[in-house]
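Heads up, the thing below is written out as structure tokens.
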Amino acid sequence: MTVATVAIKVVPLDMTFDDQYQGCGPAMTVALLALNCFEFQKNPDFALFWTKAVPEWHSQGSRVSPLSSPDQTIAIMAYTMPDVYTDFNAAVPMAGHSPQEYQDNFHFKTLHFLLTQTLRILRDTQNGQCLDVVHQDCGVRFEAQRGDSIWFGQFLITWLRTTTEIRCPDETEFQVHTCHGAGIQSFSQNPEYEGVMIPPFETFEVTKVTREGDKTQIQLHSTGTSSKYICKWLKGDTTGHGGHCGHHDHQDKLDPQSNEGIKATKATTATLATMVTITTKTTVTTIITKTPWSTGLPQPL
């Protein structure tokens with residue numbers, strides 16, 4: 001089996017979309033329904049998997065707590081579906097190439113926003129504690145040196161358990177001390193797995209690298225967060241003319257510039273959970289990662 005040796009330093013910092021939506025959460029929430037309607041039309045694969053996540057949410061008692069909306073719960077359930085996970089994590093680094101790439105071709109804006117908000121809420125309800133987690137990657141050997149600063153550049157699922165069931169040749173094991181990740185096991189179809197999601201904008205210092213045979217262990221310690229993009233959609237993107245999306249018909253063009261002044265109290269009670277549009281599936285885009293247990297390339301600062 002041929003193993004790719006990947007040097008962290010070949011990946012530039014800006015190759016990810018890292019918006020934390022600081023200061024614009026309420027305005028994004030107001031715009032969410034129309035934006036997702038537009039994205040369902042542009043990204044029918046995601047629309048299909050979102051509709052599969054909705055009954056899963058209902059089957060678990062339609063629970064929302066501790067999250068503030070059903071959409072946040074459904075977003076996690078949709079994200080953990082393998083096809084969504086792979087396509088989304090392939091798209092996030094591409095969206096960071098340029099503002100135009102994000103605006104024109106990144107049709108996961110609602111999912112990115114909902115996951116970012118969800119992690120923030122879950123972390124607060126979990127007392128903001130730092131966690132020691134493990135992530136394994138098979139078939140790709142990462143190279144790093146002590147003192148390097150990196151980030152993963154995607155929403156990454158890791159595990160609280162110090163040992164996992166995955167055993168493979170040419171393995172890289174990341175032992176991560178995260179202070180911005182949060183436990184998501186209660187939203188998983190397999191709650192016995194103690195999953196912790198790390199956001200794409202959390203930064204880490206490489207504190208230790210050890211190699212033994214075909215196994216590499218890289219220890220990472222959280223150093224905070226870093227974002228190049230700040231409320232990018234509200235500053236420049238448009239959804240174009242609406243169209244029919246489930247039971248909601250948006251005929252007017254949505255002006256993102258006006259969203260900044262909208263108060264959250266004006267939001268309607270409709271949620272994305274009611275959207276059930278099914279459209280023809282398109283060809284799946286190139287996949288970077290294959291399952292929630294394998295990661296893309298960590299990125300340097």
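Counting from 1, one number per residue, gives the positions in the sequence shown under full-length UniProt numbering. Glycine residues also receive a C-beta, built at the ideal position from the N, C-alpha and C atoms. Remember, it's a predicted structure, so these values are computed and weren't measured experimentally.
Query raised in the report: Tell me which same chain residues have a C-beta within less than 7 Å of the C-beta of residue 227, skipping the five on either side of it?
Result: The count along the sequence shown starts at 1 and reaches residue 227 at position 227. Closer than 7 Å at the Cβ level, and outside the excluded window around residue 227, lie 18, 19, 20 and 201.
Query raised in the report: Thinking just about the alpha-carbon of each residue, which of 142, 148, 168 and 222 is nearest to the one in residue 176?
Result: As a first step, residue 176 must be located in the sequence shown, where it is residue number 176. The residue with the shortest Cα to Cα distance from residue 176 is 222.
**Report entry** Minimum C-alpha distance to residue 48 - residue among 81, 22 and 35
**Finding:** For the purposes of this step, residue 48 is identified with residue 48 of the sequence shown, where counting begins at 1. Out of 81, 22 and 35, 81 has the C-alpha closest to the C-alpha of residue 48.
Report task. Could you name the residues of the same chain whose beta carbon sits closer than 7 Å to that of residue 91, not counting the 5 residues immediately before and after it, in chain order? Result -> Numbered from its first residue, the sequence shown carries residue 91 at position 91. Result list for residue 91: 106 and 108, in chain order.
Query - Those residues which DSSP pairs with residue 204 across a bridge - result: Position 204 of the sequence shown, counted from the first residue, corresponds to residue 204. In the DSSP output, where bridge partners are listed per residue, residue 204 has 150 and 222.
Query raised in the report: Would the C-beta of residue 143 count as close to the ligand GDP, meaning under 8 Å from any of its heavy atoms?
Result: For the ligand GDP, the structure offers nothing, since it holds no ligand at all.
Query raised in the report: Helix or strand or just coil, what does DSSP make of residue 18?
Result: As a position in the sequence shown, residue 18 is number 18, starting the count at 1. If DSSP states are grouped into helix, strand and coil, residue 18 belongs with coil.
Query - Reduced DSSP secondary structure (H/G/I, E/B, other) of residue 185 - result: In the sequence shown, the residue the question calls residue 185 occupies position 185. Three-state DSSP puts residue 185 in a helix.
Requested in this report: Let me know the secondary structure DSSP gives residue 135 once reduced to three states.
Outcome: Along the sequence shown, one-based indexing puts residue 135 at 135. Residue 135: strand per DSSP, three-state reduction.
Query raised in the report: Name the DSSP bridge partner or partners of residue 174?
Result: Numbered from its first residue, the sequence shown carries residue 174 at position 174. According to DSSP, residue 174 bridges with 135 and 218.
Report task. Can you give me the start and stop residues for the beta strand (DSSP E) that residue 195 sits inside? Result -> Against the sequence shown, residue 195 aligns to sequence position 195. Residue 195 -> beta strand (DSSP E) spans 195 to 198.
Report task. Pair every Cβ in the segment 115 to 133 with every Cβ in the segment 179 to 189, then say whether three or more of these pairs are closer than 8 Å. Result -> yes
Query - Complete alpha helix (DSSP H) runs within the segment 46 to 96 (minimum length 4 residues, chain order) - result: 70 to 79 and 82 to 95
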